[in-house]
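Q: The structure that follows is given in the form of structure tokens.
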Amino acid sequence: MNTLTSPTPVFLDSAPPPQPRPAEVILDVQGLQVALPADADRPFAIEHLDVRIEAGQTLCIVGESGSGKSVLATTVMGLLAKGLTATQGHIRLAGETLMDQARLAPESRLRAWRGTRMGMVFQEPMTALNPVHSCGEQVDELLRTHTQWPAHERKAHILAIFDRVRLPDPKRIYDSYPHQLSGGQRQRIVIAMAIILKPRLLICDEPTTALDVTTQAEILRLIAELQVEQRSAVLFITHDMGVVAEIADQVMVMHRGRVVEQGPAEQVLHTPREAYTRMLLDAVPGMTPPPPRELPGGRALLSATGVGKTYVRRDWLGRAKPNTALHDASVAVHRGETVGVVGESGSGKSTFARCMIRLIDPTEGSILWGETPVHSLPEGRLRPLRSRVQVVFQDPNRSLNPRRTVGSSLMEGAMNFGMGERQARQTAEELMDRIQLPRTALDRYPHQFSGGQRQRLAIARAVACQPQVLVADEAVSALDVSVQAQILALLREIQADLGLGILFITHDLRVAAQLCDRVIVMSQGEIVEQGPTAQVFLQPAHDYTRRLLAAAPRAELARRA
Amino acid sequence: MSNWNKLWRNSAVRLGCAVLAVLLLLAVLAPWLGTFDPSAMDPSFISVAAGTRGEVTLPDGQTLQHVFWMGSDNFGRDIWSRVLFGTRVSLGVGLCTAVLAITGGCLLGMLAGYFRPVDAVVMRLVDGMMAIPAVLVAITLVAMLGASLPTVILAIAVPEIPRVTRLVRALVMGLRDEPFVEAARALASSNLTILWRDILPNALAPLIVQGTFIAASAVLTEAILSFLGLGLPADVPTWGNIMAEGRVQFAQSPGNVMFPALFLVPTVLAINLLGDGLRDVLDPKFSKRA
Chain A
4 MNTLTSPTPV
14 FLDSAPPPQP
24 RPAEVILDVQ
34 GLQVALPADA
44 DRPFAIEHLD
54 VRIEAGQTLC
64 IVGESGSGKS
74 VLATTVMGLL
84 AKGLTATQGH
94 IRLAGETLMD
104 QARLAPESRL
114 RAWRGTRMGM
124 VFQEPMTALN
134 PVHSCGEQVD
144 ELLRTHTQWP
154 AHERKAHILA
164 IFDRVRLPDP
174 KRIYDSYPHQ
184 LSGGQRQRIV
194 IAMAIILKPR
204 LLICDEPTTA
214 LDVTTQAEIL
224 RLIAELQVEQ
234 RSAVLFITHD
244 MGVVAEIADQ
254 VMVMHRGRVV
264 EQGPAEQVLH
274 TPREAYTRML
284 LDAVPGMTPP
294 PPRELPGGRA
304 LLSATGVGKT
314 YVRRDWLGRA
324 KPNTALHDAS
334 VAVHRGETVG
344 VVGESGSGKS
354 TFARCMIRLI
364 DPTEGSILWG
374 ETPVHSLPEG
384 RLRPLRSRVQ
394 VVFQDPNRSL
404 NPRRTVGSSL
414 MEGAMNFGMG
424 ERQARQTAEE
434 LMDRIQLPRT
444 ALDRYPHQFS
454 GGQRQRLAIA
464 RAVACQPQVL
474 VADEAVSALD
484 VSVQAQILAL
494 LREIQADLGL
504 GILFITHDLR
514 VAAQLCDRVI
524 VMSQGEIVEQ
534 GPTAQVFLQP
544 AHDYTRRLLA
554 AAPRAELARR
564 A
Chain B
20 MSNWNKLWRN
30 SAVRLGCAVL
40 AVLLLLAVLA
50 PWLGTFDPSA
60 MDPSFISVAA
70 GTRGEVTLPD
80 GQTLQHVFWM
90 GSDNFGRDIW
100 SRVLFGTRVS
110 LGVGLCTAVL
120 AITGGCLLGM
130 LAGYFRPVDA
140 VVMRLVDGMM
150 AIPAVLVAIT
160 LVAMLGASLP
170 TVILAIAVPE
180 IPRVTRLVRA
190 LVMGLRDEPF
200 VEAARALASS
210 NLTILWRDIL
220 PNALAPLIVQ
230 GTFIAASAVL
240 TEAILSFLGL
250 GLPADVPTWG
260 NIMAEGRVQF
270 AQSPGNVMFP
280 ALFLVPTVLA
290 INLLGDGLRD
300 VLDPKFSKRA
């Protein structure tokens, strides 16, 4: 299907389409090579990389973690991390030499250029901003360094740019501290800082990855608008093919430091030439749910009615300030069924999940594991029942104890529920076969595994105590798409074999569409809509669901028929 | 790369270890390094200069040829012998104090950090203890329990416990919310198992570092207590005691103060160096980025 001739003309790298007027090349990288330290898994972070971006164009660099895409961004900014060294290459920025034969321009010149000729937007706006200065002061500092403007002019410029990036009430924002703003607002501040001096090149390193879908859509639109306004070149780094489809003019696919494929967005997304690009595109789950499955049904293995959680904070006078994180949430998970809970950050979906596994105590409502009410059982009485409901967390780097062999982690649960050591070891070995890791790997430590392998180990650890229900809290959100696909396949396989019920918490609608039989949509601590996946995705009843679905990056565009 | 390798590449760790190894050898081999009984007095060698040779008569009547490398004090005791045997006391006090303070602080800190209700009680106690000057607590304890090696160790260790408790509590509170600890709870592991297998091993690195600093300050505090006459009995050879006795005739024979100090300073320096190096390797939060 990919080899069919497409209706639009396909241009090869060597023959760019004729431009109405000669375009100005803003960023020109030639033969860049960056070496990794001696003990790394490969010799080069980047090998023989050529990039050109013209004014007004957006180049998206796509790749999984470790592909070297962020290294490129830091090299261009002259901010290479310690241990990394450029060994070859030339970089020119709007006609000026940034790097000549692997030697960077002097630091003083680079510093003058950062902000004025190249701006950068980072992934995590909270860490990119200084928490002890107000947002206005931080932008002001940048202006003081790079311009001779008097104070009132600087302030006028800052208020104007805050207004331009559509921050509400710029005067108030000027005096606000980063923690007083939402994630999206913080990212707007960072963007404002990056563009206030109208740089010719804007580097965005996963600027929307830490944000909710609706916020992500707004930020992407903003970046696109600003680019048209300022006719700057944008180097946009992302791992999300949906985002690429949304904003890219040109796409470059990277894998382990090499350029796999490069070309106009239309061509790369619709008629990719390389197998790796196809794999990346295919791994992106679509928004169309598969046809409903036959479910065994039966009594609920895990159910909740009217569960709520209210945190009470007291001020210095001891007055209670209740904060309702979750209100009146109900769910039932049956044998062999996957129930998805979707929502943006702060929607209470994680609180719900943690109440269900009794990691936190609900303040109202009832929770049943099988037939047993557990919402108010003390930890001691709960322990013998814990084998029924197990959990898999989001971050595979932190969900295994780094100081214990994975074997001992895998055997712990089974032994806690009365299995002998030899039998537990045997169970662990069988589970290793299932998750396709060598049995001998049981004696290794977590840091010797990749993120995807660790997540498989976390699933194996949960399955080792033969649960009836698995609660997966954003279990694939921290993983690359190709790994994500493997983990989802593993979950489906285990579910089919053991008849597990799965409560799947995620912010990723595409994953929910593919995996879940039923979906619960949460917003601000309450369930706003629920129903069979196909119904919720194709005929959303609630406004919030519709907005959520509309904001999801153009996933369908990235998928070819 | 393993931690051991990283440790060995750190020059501060290597230097600290080397100095401590030499001191340890001197302490262990003290009887064979040209010394005699450090408490033996010979009235014919009172306050002799460094390097004096002569035939010493020991309390049991034996005689031996001896060189007073560091001279003698005003009771006719050999400074070299006393300093070397004092090394044993100092290193022992440092090690035992660190172990005791870390163990005690660790227990309290883990309880306070993991169990909310215990926290309120333990931490108020600890805050109270922190408000009393360390030397005052030490002096009181020695006065109450009498001056002996175990008392002195206890007296130096107890004031250190609050700081360790605070450190451990903070570490445990951070680790308690880690997903692997929550996973262990979901696996029905008991609180004791979680504390022992999931929390303690992950809090160990900063504790070891803290332990070295406690050891260094314990060596100093022991010397201070002895110097003030509040530590071990005057006849026990410790660096502090030697200096205290040498103080009165510092003008005539400064060696009595200088020589123990020449051992004390490198000891404390070496332990601190070792601690700094350990922190750089084990506790990456504070280390210079490699």
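Going down the list, the sequences are from chains A and B.
Letter 14 of the first sequence, counting from 1, is numbered 17 in our numbering, and no numbers are missing.
Letter 120 of the second sequence, counting from 1, is numbered 139 in our numbering, and no numbers are missing.
Just so you know, even glycine gets a beta-carbon here, dropped at the ideal spot from N, CA and C.
So with CB distances below 7 Å, who are the chain A contacts of B/E197?
A: Those within 7 Å of B/E197 in chain A are R401.
Q: Give the single residue among A/G81, A/L503, A/L493, A/S306 whose Cα lies nearest to the Cα of A/P470.
A: Here the closest residue by C-alpha is A/L503.
Q: Rounded C-beta distance between A/M565 and A/A89? I'm assuming under 8 Å.
A: Chain A is shown from 4 up to 564; residue 565 of chain A falls before or after that span and cannot be answered.
Q: Give the C-beta separation of A/A108 and A/T100 to the nearest angstrom, bearing in mind that I take them to be a contact with Cβ-Cβ under 8 Å.
A: Between A/T100 and A/A108 the Cβ distance is about 7 Å, and since that is below 8 Å, they are a contact.
Q: Which runs of the beta strand (DSSP E), 3 residues or longer, sit entirely within the stretch 179 to 217 of chain A?
A: List check, beta strand (DSSP E) in window: 204 to 208.
Q: So the candidates are B/Q229, B/P50, B/M129; which of them puts its Cα closest to the Cα of B/N210?
A: When only C-alpha atoms are compared, the closest one is B/M129.
Q: If we cut at 8 Å on Cβ distances, does B/L206 have a partner in chain A?
A: So yes, B/L206 belongs to the interface.
Q: With DSSP run on the structure shown, which of helix, strand or coil describes A/L7?
A: Residue placement at A/L7 is poorly supported in this model, since its pLDDT is 43, which falls under 50; the coordinates still yield a value, given next. DSSP places A/L7 in coil when its eight states are reduced to three.
Q: Between the stretch 409 to 418 of chain A and the stretch 227 to 246 of chain B, are three or more C-beta pairs nearer than 8 Å?
A: Flag = no, the stretch 409 to 418 of chain A and the stretch 227 to 246 of chain B do not touch.
Q: From the DSSP output, in three-state form, read off A/Q60 for me.
A: Correct three-state label for A/Q60: coil.
Q: Measuring alpha carbon to alpha carbon, tell me which of A/T366, A/R281, A/V345, A/R276 ends up nearest A/D315.
A: In the sequence on display, residue 315 of chain A carries Val and not Asp. Per the Cα distances, A/T366.
Q: Starting from the C-beta of A/A544, find all residues in its chain whose C-beta is less than 7 Å away, skip the five residues before and the five after it, and write them out in chain order.
A: Hits under 7 Å: E532.
Q: Who are the near neighbours of B/A235 in its chain, counting only those whose CB is closer than 6 Å to its CB and skipping five residues on each side?
A: If we look at B/A235 and ignore the five residues flanking it on each side, its Cβ neighbours are V287, I290, N291.
Q: Would B/I151 be called buried (16 or more neighbouring beta carbons within 10 Å of its own) or exposed?
A: Result: exposed.
Q: Return the CA-CA distance between A/P556 and B/D295, expressed in angstroms with no decimal places.
A: The straight-line gap from Cα to Cα measures roughly 49 Å.
Q: Just the C-alpha distance for A/T574 and A/R45, rounded to the nearest angstrom, thanks.
A: Residue coverage of chain A in this structure runs from 4 to 564, which leaves residue 574 of chain A outside it and unanswerable.
Q: Counting along the chain, where does the alpha helix (DSSP H) carrying A/F165 start and finish?
A: Taken as a continuous stretch (DSSP letters only), the alpha helix (DSSP H) holding A/F165 covers 154 to 167.
Q: Taking 6 Å as the limit between beta carbons, can you name the residues of its chain near A/V394, skipping five residues before and five after?
A: So the list reads I360, V474, once near-sequence residues are dropped.
Q: Is it a yes or a no for the stretch 235 to 254 of chain A touching the stretch 376 to 395 of chain A, going by three-plus beta-carbon pairs under 8 Å?
A: Output reads no: the stretch 376 to 395 of chain A does not touch the stretch 235 to 254 of chain A.
Q: Output, in chain order, the set of chain A residues within a Cβ distance shorter than 9 Å of B/D217.
A: Residues of chain A passing the Cβ test: N404, R406, R407.
Q: Is there a Cβ from chain A that is less than 8 Å from the Cβ of B/A139?
A: It does not: the Cβ of B/A139 has no partner Cβ on chain A nearer than 8 Å.
Q: Residue range of the alpha helix (DSSP H) that A/S68 falls in?
A: Counting along the chain, A/S68 falls outside any alpha helix (DSSP H), and DSSP gives it neither H nor E.
Q: Is it buried or exposed, A/V514, if we count other Cβ atoms within 10 angstroms and call 16 or more buried?
A: By the 10 Å Cβ count, A/V514 comes out buried.
Q: Name, please, each residue of chain A whose Cβ falls closer than 8 Å to the Cβ of B/A203.
A: Those are N404, E415, listed as they occur along chain A.
Q: Tell me, to the nearest whole angstrom, how far the beta carbon of A/L132 is from that of A/V193; I am working on the premise that it is less than 8 Å.
A: Confirmed, Cβ separation roughly 7 Å.
Q: Select from the stretch 211 to 245 of chain B all residues with a C-beta closer than 7 Å to any C-beta belonging to chain A, and list them in chain order.
A: Residues R216, D217, P220, N221.
Q: So which residues of chain B does A/L362 contact, with C-beta pairs closer than 8 Å?
A: Correct list: E201, R204, A205.
Q: Which residue from B/C125, B/C36, B/R107 puts its Cα closest to that of B/W258?
A: With distances taken between Cα atoms, B/W258 lies closest to B/R107.
Q: Given a threshold of 16 other Cβ atoms within 10 Å of its Cβ, counted over all protein chains shown, does B/L244 qualify as buried or as exposed?
A: Counting Cβ neighbours within 10 Å, B/L244 comes out buried, since at least 16 surround it.
Q: If we define contact as Cβ-Cβ less than 8 Å, is A/R550 a contact residue for chain B?
A: Taking Cβ atoms only, chain B never reaches closer than 8 Å to A/R550, which makes this a no.
Q: Please report whether the beta-carbon of B/S306 lies at a distance below 8 Å from any beta-carbon of chain A.
A: Only weak support is given to the placement of B/S306: the predicted model assigns it a pLDDT of 47, under 50, and the value that follows is read from those uncertain coordinates. Taking Cβ atoms only, chain A never reaches closer than 8 Å to B/S306, which makes this a no.
Q: By alpha-carbon positions, which one of A/L518, A/D511, A/I199, A/G528 ends up nearest to A/A553?
A: It is A/D511 whose Cα lies nearest to the Cα of A/A553.
Q: Measure how close the beta-carbons of A/A197 and A/L204 come, nearest whole angstrom, since I'm counting them as under 8 Å.
A: About 10 Å; that fails the 8 Å criterion.
Q: Would you mind working out which of A/Q426, A/D172, A/V342, A/I199 sits nearest A/S235, comparing C-alpha positions?
A: The option with the nearest alpha carbon to A/S235 is A/I199.
Q: Cα separation between B/N24 and B/L173?
A: Rounded to whole angstroms, B/N24 to B/L173 spans 35 Å at the Cα level.
Q: Let me know the secondary structure DSSP gives B/S100 once reduced to three states.
A: Three-state result, B/S100: helix.
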